[in-house]
Amino acid sequence: MTELSSDRAVEALGSLAQGHRLAIFRLLVQAGSGGLAAGDVAERLALPKSSLSFHLAHLERAGLIVRRRDGRSLIYSADFAAMNRLVAYLMENCCGGAGCVDALSGSLERIAS
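Structure, rendered in structure tokens:
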């Protein structure tokens, strides 16, 4: 997996730091790899199409979503590889170098004692 630069991480996080864009991204993640047509996204989130186009372009520039044409429709989907890179970047060196699951298990054991 390609590592993410701090500049790209900031760009991606900045893109998600807006309510409509976060809602769009979450909806596309829920839709899975098949994605959704732009009109379906607009309808489900009750967003005007002009506003939606602006937000989709922003997410696409940040590398979080991809677009493909299917006939006359534009289909958008979350870029799961990019999302995984961002999460990996955020979790890099977490838990003092121990695996996150191992560190969580140890913490839960201490709490239960």
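The sequence shown begins at 390 in the working numbering and counts up by one. Using N, Cα and C, we set each Cβ at its ideal position, and we do this for glycine too. On a predicted model such as this, the values are computed, not experimentally measured, just so you know.
Express the C-alpha separation of residue 394 and residue 400 in angstroms, rounding to a whole number. Against the sequence shown, residue 400 aligns to sequence position 11. Against the sequence shown, residue 394 aligns to sequence position 5. Straight-line Cα distance between these residues: approximately 10 Å.
Whose C-beta lies closer than 8 Å to the C-beta of residue 415 among residues of the same chain, with five residues either side of it excluded? To locate residue 415, count along the sequence shown from 1; it is residue 26. Closer than 8 Å at the Cβ level, and outside the excluded window around residue 415, lies no residue.
Sufficient close CB pairs (3 or more, under 8 Å) joining the region 424-438 to the region 450-469: yes
Report yes if the C-beta distance between residue 430 and residue 465 is below 8 Å; otherwise report no. Walking along the sequence shown from the start, residue 430 turns up at place 41. Walking along the sequence shown from the start, residue 465 turns up at place 76. Going by C-beta atoms, residue 430 is nearer than 8 Å to residue 465.
Let me check understanding here. Comparing Cα to Cα, which of 469, 471, 444 and 396 lies closest to residue 411? Locating residue 411 in the sequence shown gives position 22, counting from the first residue. It is 444.
Residue 393: first and last residue of the uninterrupted beta strand (DSSP E) it sits in: By 1-based counting over the sequence shown, the position of residue 393 is 4. No beta strand (DSSP E) contains residue 393, which DSSP labels as neither H nor E.
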